[in-house]
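Read in order, the letters of the sequence shown are residues 0 to 270 in numbering that gives the first Met the number 0. Each residue gets a CB set at the ideal place from its N, CA and C atoms; glycine is no exception. Following: one structure in structure tokens, then a few remarks.
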Amino acid sequence: MPVPPNEEFPFRSANYPLFVAINTGANSDLRITCKGHTWKVHKAIVCPGSTFIRGALDFSVGKEAEDDCIDFPEDEPEDIRRMIVFMYALDYDPTDFRKCMNLHGVNLARSARTEDQKVSEYHEGAVHASRCACHFPTELPPAERTKTTEGLVHACNNPLSIHAMMYTIGDKYGVVGLCEAARRKFALTLYSREHLGGDDFIDAVAIAYSTTPDSNRGIRDEVVNCFEREYHVKLEKYPEIEANLAEFNTVSMKILVALQHAMIIQLTLEE
């Protein structure tokens, strides 16, 4: 199995200054809102962190300017929450197992989970546990967590679609480093093979090709690499397939698997 990219990441506790800032909202001078949700943030952090936010404040008019507030009416609250977490922690949930320890120190990364959110209990597995970027912190504070009750982390069932959407958010709002972080998480999750072929994979492929411009190849190239590595399908030979990946669905997945089987048979015969 190919070895996924590795990266050292220093552990930070809840006492880390930026974590204290986002956890307490102390000295905040800007509010970000999205569909009834409000977050108190700091211009010194989010303005350098997002070209969109910096521009919105530079040219703000009317009530938003008076109230020091920026609204994101077209996006989902969970996406904006993760964007804010990233600007303070340089990471967001879900993430890989090691980095998940850092996010324990960010209250916003341990926000309440909705009943309809796709969540599964954390389970042991050599590659999946250590590398797959599908883990998020539990809501319990560190002093109350035990492996027999809540465990250190949970694993969500839809990490690929989340990372694909966060790549879009990073591109849309010019969030420094978010596209690369989301691309890397997307790649790590694909390497683990735990999330291939299911609804999450199907949704993620469609998101990758429907929410980013054709010129932005970052996450699209990870899809291309995955198709070749896992399904033995070189999209350069099938440009008509890549041209329609924005509409990727269950039927498309069945065609991809059929192509995979055909390629395996061909390779076997050639041997």
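Problem - Nearest candidate by alpha-carbon position, reference Y230, set D213, A205, A242, Y190 - result: Y190
Exercise for the section: Give every residue of the same chain whose Cβ lies closer than 8 Å to the Cβ of G35, excluding the five residues on either side of it in the sequence, and list them in chain order. Expected result: P76
Handout entry: Runs of beta strand (DSSP E) lying entirely within the region 30-59, each at least 3 residues, in chain order
Key = 36-40
Problem - Identity of the residues DSSP links to T94 by a beta bridge - result: H134
Exercise for the section: Rounded to whole angstroms, what's the CA-CA distance from A245 to S209? Just pull it up for me. Expected result: 5 Å
Exercise for the section: Could you check which residue in I254, M164, H103, C131 has the C-alpha nearest to that of V19? Expected result: H103
Problem - Residue burial classification, L255 (beta-carbon count within 10 angstroms, cutoff 16) - result: buried
Problem - Element boundaries [beta strand (DSSP E), containing D70] - result: 68-70
Exercise for the section: For D66, I'd like the list of residues in its chain whose CB is within less than 8 Å of its CB, leaving aside the five on either flank, ordered along the chain. Expected result: R30
Handout entry: Chain-order list of residues whose beta-carbon lies under 8 Å from that of I69 (same chain, five-residue window excluded)
Key = L29, R30, I31, T32, I52, A55, L56, S59, E63
Practice task
Look at the alpha carbon of P136 and the alpha carbon of V222, and state the distance between them as a whole number of angstroms.
Solution key: 27 Å
Problem - Expected contact under 8 Å - CB spacing of T211 and T249 to nearest Å - result: 22 Å between Cβ atoms; not a contact.
Handout entry: Identified DSSP bridge partners for V223
Key = In the DSSP output, where bridge partners are listed per residue, V223 has none listed.
Practice task
Output the distance between the C-alpha atoms of G48 and E193, rounded to the nearest integer angstrom.
Solution key: 32 Å
Practice task
Specify the secondary structure class of V232 as computed by DSSP and reduced to three states.
Solution key: coil
Exercise for the section: Look up V250 in the DSSP assignment and give the residues it is bridged to. Expected result: For V250, which the question treats as bridged, DSSP gives no partner whatsoever.
Exercise for the section: Could you tell me which residues DSSP pairs with H153 in its beta bridges? Expected result: F135
Problem - Rounded Cβ spacing between I21 and Y87 (contact assumed at less than 8 Å) - result: 4 Å
Problem - Distance between S160 and L17 (C-alpha atoms, nearest Å) - result: 28 Å
Problem - Where H260 falls, given that 16 or more other Cβ within 10 Å makes a residue buried - result: exposed
Problem - Buried versus exposed call for G158 [16 or more other C-beta atoms within 10 Å across all chains shown] - result: According to the sequence shown, residue 158 is Pro rather than Gly. That one is buried.
Problem - Cβ-Cβ separation, A163 to A108 (assumed contact under 8 Å), whole Å - result: Rounded, the Cβ-Cβ distance is 19 Å, inconsistent with contact.
Handout entry: Nearest candidate by alpha-carbon position, reference A242, set K253, D74, A205, H41
Key = A205
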